[in-house]
Amino acid sequence: MAILANLESYQQRIDDFLTLQLEQLSVNDPKLLAAMNYGLLIGGKRMRPYLVYTTGEMLGVDLQDLDAIAASVECIHAYSLLHDDLPAMDDDDLRRGQPTCHRKFDEATAILAGDSLQTLAFDILANHKFIGVRAKQQIKLLQMLSRASGYQGMCGGQAMDLAATDTSVTLAHLEQIHRLKTGALLESAILMPTLCVDDIDPEHVALLTQYSATTGLLYQVHDDIIDITSSEAILGKPAGSDQQANKSTYPALLGLQGAQEKERELYANSLHALDALPYNTQNLANFSTFIVQRDH
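Shown next as structure tokens:
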């Protein structure tokens, strides 16, 4: 992951900030708090916080303001993983090479830990002492995260994905599933920093929206590919689980070669969207490259 500039410093920064948020919570139920810590802090690439920080710094947003945005997005992502792993959803036993939260604790605790991390995301955004973000912008941040994580975004996409299991779907329908399930939250990580910038050019926002939508889809296509081509030791979870569950995926619909061709097309389109922006977009271009090179 050396291709991503400042990744390790951003990872450390967001882990320190998230740890502080959990430490500040009163201990009402030690087991639930332990499960929240487990789900949020046992690892992860912190790709969404990376996008918040690198996009925000590119636009001149204060790092302390970006902390709250990055943390809120990561809390939503972590909660989604706890719930995705549950028996009623993907029924996985491993996550990042460790027992999933419901295996480490129990199902009820994992559900509540996910619920608690979801609400913590909005708590952080609503109560953070922003430096350069006005109240009106803060409300827009809450609106964007709500849309990306709920019925109109991630949750809606997850429901569509479950409904598509054991069925044949069109390419357009599969793309809609993944634009919501995976893409919506990833897009918000790129676009939320734009809400913190006064008088940002709408054309620049449109180009970043195009980049974020393409990159969100690229992320999912590559996930589908490495589910087949990588190993459990590398993935940190069972390889081929999507195939075994008869999930609707790009390789299932297009074949492995067709999915790889789709990936190359999306990669080129993501870079093209950045070309017209008057900023130093190298870190975002590197992120697209990282996506297609990663093995887990």
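Count along the sequence shown from 1, add 2, and you get the number used in my numbering. Every residue, glycine too, gets a C-beta built ideally from N, C-alpha and C.
Asn39 is a Cβ neighbour of Leu24, given a cutoff of 8 Å. When DSSP reads this structure, Gln100 sits in a beta bridge with Arg97. DSSP places Leu6 outside any alpha helix (DSSP H), giving it a letter other than H or E. In this structure, the beta-carbon distance from Ser214 to Met156 does not fall below 8 Å. For Leu119, the closest alpha carbon among the candidates Gln222, Gln14, Gly41 and Thr283 is that of Gly41. For Ser74 and Asp201, the gap between their C-alpha atoms comes out near 24 Å.
Scanning Lys249, Leu268 and Pro51 for the CA closest to the CA of Gln212 turns up Leu268. Exposure of Glu109 is indicated by the presence of fewer than 16 other C-beta atoms within 10 angstroms of its C-beta. Of the residues assessed, Ala261 falls on the buried side of the cut-off, its CB having 16 or more other CB atoms within 10 angstroms. For the pair Arg50 and Tyr12, the CB atoms are not nearer than the 8 Å cut-off. Taking 4 residues as the shortest admissible run, the segment 150 to 190 contains the following complete alpha helix (DSSP H) segments, listed from N- to C-terminal end: 156 to 165 and 173 to 180.
When the beta-carbon positions are compared, Leu6 and Tyr52 come within less than 8 Å of each other. Out of Ala36, Cys198 and Gly45, the CA that lies nearest to the CA of Asp17 is found in Gly45.
Counting only residues of its own chain and dropping the five nearest sequence neighbours on each side, Gly134 has a CB closer than 6 Å to the CB of Asp64 and Asp67.
Between His104 and the set Asn282, Pro89 and Arg98, the nearest pair of CA atoms involves Pro89. Considering only Asp125, Thr57 and Asp93, the residue with the shortest C-alpha distance to Gln26 is Asp125.
For Thr283, the three-state secondary structure derived from DSSP is coil. Annotated three-state conformation of Ala90 is coil, per DSSP. A distance below 7 Å between beta-carbons, with the five flanking residues on each side excluded, links Val223 to the following residues of its chain, in chain order: Tyr252, Ala261, Lys264, Glu265 and Leu268. A direct Cα-Cα distance of roughly 10 Å separates Ala186 from Gln178.
Distance between Asn282 and Gln139, taken at the CA atoms: about 24 Å. The straight-line gap separating the alpha-carbon atoms of Leu276 and Ala287 is approximately 7 Å.
Remark: C-beta atoms of Arg181 and Gly152 do not approach each other more closely than 8 Å.
Using a 10 angstroms sphere on the CB of Asn285, the tally of other CB atoms reaches 16 or more, which defines it as buried. Inter-residue distance for Leu188 and Leu220 is about 11 Å (C-alpha atoms, whole angstroms). Secondary structure at Phe132: coil, using DSSP grouped into helix, strand and coil. Residue range Tyr252 to Asp277 is occupied by the alpha helix (DSSP H) that includes Asn271.
Note on geometry: alpha-carbon atoms of Leu173 and Met60 lie some 34 Å from one another.
Straight-line spacing of the CA atoms in His298 and Ser232 works out to 7 Å.
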